[in-house]
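Chains as they are written, first to last, in the working numbering: chain D, 1 to 396; chain A, 1001 to 1396; chain B, 2001 to 2396. From the three backbone atoms N, C-alpha and C, an ideal C-beta is built for every residue, glycine too. Reading through the structure tokens given below for one structure.
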Amino acid sequence: MEINKMLEKLKNLKYENLYQNDFFLTWDRTMDELQSIFTVADCLRHLRENNISVKIFDSGLGISLFRDNSTRTRFSFASACNLLGLEVQDLDEKKSQVAHGETVKETANMISFMADVIGIRDDMYIGKGHTYQKNVAEYVKEGYEDGVLEQRPTVVNLQCDIDHPTQTMADMLHIIHEFGGVENLKGKKIAMTWAYSPSYGKPLSVPQGIIGLMTRFGMDVTLAHPKGYEVMGEVVEVAKKQSQETGGTFTITNDMDEAFKGADIVYPKSWAPFAAMEKRTNLYGEGKFDEIDKLEQELLEENKKHIDWACTEEKMKLTKNGRALYMHCLPADITGVSCETGEVDASVFDRYRIPLYKEASYKPYIIAAMIFLQKVKDPVKMLDDLMSRNQLRLRK
Amino acid sequence: MEINKMLEKLKNLKYENLYQNDFFLTWDRTMDELQSIFTVADCLRHLRENNISVKIFDSGLGISLFRDNSTRTRFSFASACNLLGLEVQDLDEKKSQVAHGETVKETANMISFMADVIGIRDDMYIGKGHTYQKNVAEYVKEGYEDGVLEQRPTVVNLQCDIDHPTQTMADMLHIIHEFGGVENLKGKKIAMTWAYSPSYGKPLSVPQGIIGLMTRFGMDVTLAHPKGYEVMGEVVEVAKKQSQETGGTFTITNDMDEAFKGADIVYPKSWAPFAAMEKRTNLYGEGKFDEIDKLEQELLEENKKHIDWACTEEKMKLTKNGRALYMHCLPADITGVSCETGEVDASVFDRYRIPLYKEASYKPYIIAAMIFLQKVKDPVKMLDDLMSRNQLRLRK
Amino acid sequence: MEINKMLEKLKNLKYENLYQNDFFLTWDRTMDELQSIFTVADCLRHLRENNISVKIFDSGLGISLFRDNSTRTRFSFASACNLLGLEVQDLDEKKSQVAHGETVKETANMISFMADVIGIRDDMYIGKGHTYQKNVAEYVKEGYEDGVLEQRPTVVNLQCDIDHPTQTMADMLHIIHEFGGVENLKGKKIAMTWAYSPSYGKPLSVPQGIIGLMTRFGMDVTLAHPKGYEVMGEVVEVAKKQSQETGGTFTITNDMDEAFKGADIVYPKSWAPFAAMEKRTNLYGEGKFDEIDKLEQELLEENKKHIDWACTEEKMKLTKNGRALYMHCLPADITGVSCETGEVDASVFDRYRIPLYKEASYKPYIIAAMIFLQKVKDPVKMLDDLMSRNQLRLRK
């Protein structure tokens, strides 16, 4: 799409409520708001590809707060901040006192005197990550309103226990481009399926985020997993409701083949059972580490029974014309490469390597678009101004 | 105060000796120099609040060298550098060879080829931190004079064993704003008092820095602590001398009530006895770790005897009209929140939460003002230029 | 040299092949290419010294990937990136999944969506570092060609198992300046000699890099070491061939005095025997850690026999007029300072401290020049433009 068409599209969308606001869950936001983010992401990419700077900040900090190791999301956030002119500062909690209650409020304000955005990844414990992000957002909003902070630092959810919006929106932007536009998605079948991995306890935010987002586009969304690997009930309800509203379907099955059959898109990926993760969180809270070990053993035992849940060449043949778009948030557990038996055959993974990398390449732009719409009141005018200004990203 | 009045004030101050110089201790500097820093800090804040960029560096590094964990000071330094256009690079000594003698000189030069400022925090051992900072400053000055470095990296003391100037000057700027101007401080009573905390060995730089700074403004400064919790003798001498020169008073008492009585400002905070810290440093140097453990036990025993030294609601009633300004460098040990019994009642702390956060919010500007005056020969003209340039911090 | 003369010189050099290309080994590059890097380094330094900004990037990331602790090279890379306008992001492999095979390709692409340059230091295992750097470079080039990456991130070798080009080229630029121009180097004798250090296993990249670079300038290059301390055979062949082509000489001796005799430049430095390092790498691959310990013991025993290989005052007297230029990549093992007996007498080291620091000061500019020539198609015009633009680095 041409840049002018993108701007035209943006003009007709209602995005006001993104301004000066936080981004937690995709299903909190209207379709117009999501579309605005996709469109701004495309615009920013277009400008950068044409060597036009989109720096809107002359100075300012982007705080990254990762409660888990991360490479891709960390670099995506750093790239997005740098693109817009913010310098990233990592809050390393091991070097600080962020803890509970009053102290989170305090630290949130103490690091935010010159922070425009705070990116948080906190996906480890059920019921914790989302709450933590909301708290931080609330505390710095309060700090802004109390005159402590000169600007309101907005929060971007870089993964919580419920949703992973920067991942799933990058996934969706990839799908939009692969299928030639958002208007072509109606009735397309996407299979979000569990897959076997020898490791234990992978987060649920991706499958939950995918069913929570894809059901809004009139797609036929199938969630498949072995019995016992159910995801969070609230998100299932959200997905059901949304699929009804958009004229799509939402199906849950315990049969991987059924999910793959005729699918336009497959997204096979390991995750831990929600109920078990909830139990683990409770045991953790009670300090019962022996029982956590026992639980882990049981889960690994159970896990092994489903080693046939793999995205093999054979399974791929079940998909539409045998060539559904294969997706993954990466890194994948590849059979014979990163583990003995994993989520996907090496030959399938290799065939889709370039599209997989492209899928990932949208994430910095999704994050940048979220920040852009949080900070810029009239994004159409601003994008226009940036084009007129025509400041080169690299003088070459 | 209006920006023009601030500039007018600055014009009448002598700040030349801050230019191309280091900042170690507040009592090394003239009142005019301190006032210049306060005024420039206010100007920089004013410009930023009006979305005007104060970037004076197009490129350049700000080196941060922290020999202790830190959140607030780290982020304050990073914010100040970013505000002025410097990129922060942390020197992680665990990844380097900074040690003794020749090697400090070498490393100081090796990291400084493009460094404009070096922020150092080294507060752990008595007699070490200040000396270390002076050494680093001297070594890079030498490097500059020898033609090794193209610019002279100036040092900013981000806390040493003697003083914590960026903290106490932020505290003072808060007081100036709360009391409506520096001219209103004469005769105001500030109680810098020890308070009980279950933890051991908190640095002395804050109480020392407070008595070393506040006695210069004609204030009635009372230092209160249990017997045995004396601070560094040299700083007490400085405080005495200064209070005489400025027509204020400086009193030491072992009675917390006496200190609180009629106080306009209270600053209750735990610290370790200077003599014990000196002993610990010596034992550490001699490698007598058993004796260090023993010393720590003794100190904790002694500490427990003073559990009544707390900033309670009752104590607050003793202050001027029962509503002195409560101050703290944060984080505070709050009774029933961060510990069972601590420095301050939760209700007192809560009532002053917003002013406490504001107090902290001055630190990035104090640091930025110190750097600004170290680097800019004619700050009045530069501030004028920055206003005329009117480059937006955020295009919105 | 004046800036106009530098630009004139640059006009007559062929540097096209540096553009959009990686930098691995100096002997991969033509003399014109090396001269271009020296000249651009001098130009960038000249401009910075005159407070003229050489920022060519408005945004963009410089990725640093260090597989070993580092202070100097880390800060040199950070300084170079900052000078040109790139923000450094460290890839901490402990927080990521960079490993073998497919995963290196994946991570290389995942961190590079907005990366313009990747600086890699990987010098620990023989046969690994160079290969790893080539792989990363190849993978991101592929990513660029496949449309995954919008720009091609070029690799700069910040030290590998074979060469240490940013060090040796900084060394050479120091020599050029000390001897008044590259045209004065013909026939000058440089002694690259082994020296005793109590530590074990120092990398070979410096001696190899030195003989691989200095033999291209018609110099008389002598490599001296005890028997058994041979360097990589391939690099010796390169040095031999180059010395013949340029009318210089290349001599290997086991006699330190012979090397020092009449030398214009001496570079005494410890390194580990290549054969032993190769053996260690193999043992490491086979997981034979006991044998590695045994090997280390043997090497330390052998090492002690050569304690007389030291750059003493006496040895210095053997050099040309007793005052050869003493060089070292730093940090040096100084007798009586950083160890009991080491590579160099304290009095020799002290006498050369300032030149040694200056030697090191060229590294940021060498790195910046490499990046500049990788990214800028017409460097003469660009340098001209930067001068005309006359943007101040520091408004003072």
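query: Short Cβ contact (7 Å threshold) for A/Y1229 with A/L1300; result: no
query: C-beta contact flag for D/S197 and D/H164 at 7 Å; result: no
query: D/K377 at chain B interface by Cβ criterion, 7 Å; result: no
query: Beta bridge counterpart(s) of D/V88 as assigned by DSSP; result: D/G62
query: Alpha-carbon spacing of D/L325 relative to D/R216, whole angstroms; result: 19 Å
query: As assigned by DSSP and simplified to three states, the class of D/L204; result: coil
query: Boundaries of the alpha helix (DSSP H) in which B/I2052 is found, first to last residue; result: Careful: B/I2052 lies outside any alpha helix (DSSP H) and carries neither H nor E.
query: Buried/exposed call for D/N303, threshold 16 Cβ in 10 Å; result: buried
query: Nearest residue (CA-CA) to B/Q2297, options B/C2311, B/N2282, B/A2276, B/G2287; result: B/A2276
query: Beta-carbon neighbours of A/L1392, restricted to chain D and to distances below 8 Å; result: D58
query: CB contact below 7 Å: A/N1109 versus chain B; result: yes
query: Cβ-Cβ separation, B/P2364 to A/F1057 (assumed contact under 8 Å), whole Å; result: Not a contact, Cβ separation roughly 16 Å.
query: Euclidean distance between Cα positions of D/I118 and A/V1380; result: 35 Å
query: Pairwise C-alpha distance: A/E1359 and A/G1101; result: At A/G1101, the pLDDT of 41 sits below 50, so the modelled position is not reliable and the matter cannot be decided from this model.
query: Coarse secondary structure for A/Q1097, derived from DSSP in three states; result: The predicted model places A/Q1097 with a pLDDT of 49, which falls under 50 and marks its position as unreliable; any figure quoted below should be read in that light. Here A/Q1097 sits in coil by DSSP.
query: Closer than 7 Å to chain A by CB, B/Y2357; result: yes
query: Residues near A/H1174 by beta carbon distance below 7 Å, same chain, minus five either side; result: K1358, E1359, Y1362
query: Helix, strand or coil at A/Y1229 [DSSP, three-state]; result: coil
query: Interface flag, B/L2330 vs chain D, CB-CB below 7 Å; result: no
query: Under 7 Å from the C-beta of D/A360: neighbouring residues of chain B; result: M2110
query: Residue of B/G2129, B/Y2019, B/L2034, B/S2036 minimising C-alpha distance to B/T2281; result: B/G2129
query: Cβ contact check for the region 308 to 320 of chain D and the region 342 to 357 of chain D: 3 or more pairs under 8 Å; result: yes
query: C-beta atoms of A/D1032 and A/M1006 nearer than 7 Å; result: no
query: Selection of the region 2037 to 2051 of chain B by Cβ proximity to chain A, strictly under 7 Å; result: R2048, E2049
query: B/K2294 at chain E interface by Cβ criterion, 7 Å; result: Of the protein chains in the structure, D, A and B, none is chain E.
query: Sequence-distant residues of its chain with Cβ nearer than 7 Å to B/Q2133 (five each side left out); result: F2024, I2120, D2122, V2155, N2157, C2160
query: Touching by the beta-carbon criterion (3+ pairs, under 8 Å), the region 1253 to 1264 of chain A and the region 1175 to 1192 of chain A; result: yes
query: Element boundaries [beta strand (DSSP E), containing A/G1119]; result: 1115 to 1122
query: 7 Å Cβ cut-off: residues of chain B touching D/F75; result: Q2089, M2110, I2111
query: The beta strand (DSSP E) enclosing A/L1300, as first and last residue numbers; result: It is not in any beta strand (DSSP E) - A/L1300 instead sits in the alpha helix (DSSP H) that spans 1289 to 1304.
query: Element boundaries [beta strand (DSSP E), containing D/P268]; result: 265 to 269
query: Reference B/F1948; option with closest CA among B/Q2208, B/E2087, B/F2250; result: The structure shown has nothing for residue 1948 of chain B, since chain B only spans 2001 to 2396.
query: For A/Y1352, three-class secondary structure by DSSP; result: coil
query: Buried or exposed (CB count within 10 angstroms, at least 16 for buried), D/A99; result: Note on D/A99: pLDDT 46, under 50, position unreliable in the model; the coordinate value appears next. Classification for D/A99: exposed.
query: Spatial distance of D/L283 from D/T131 (CA atoms); result: 19 Å
query: The region 1004 to 1020 of chain A touching the region 1065 to 1084 of chain A, judged by at least three CB pairs closer than 8 Å; result: no
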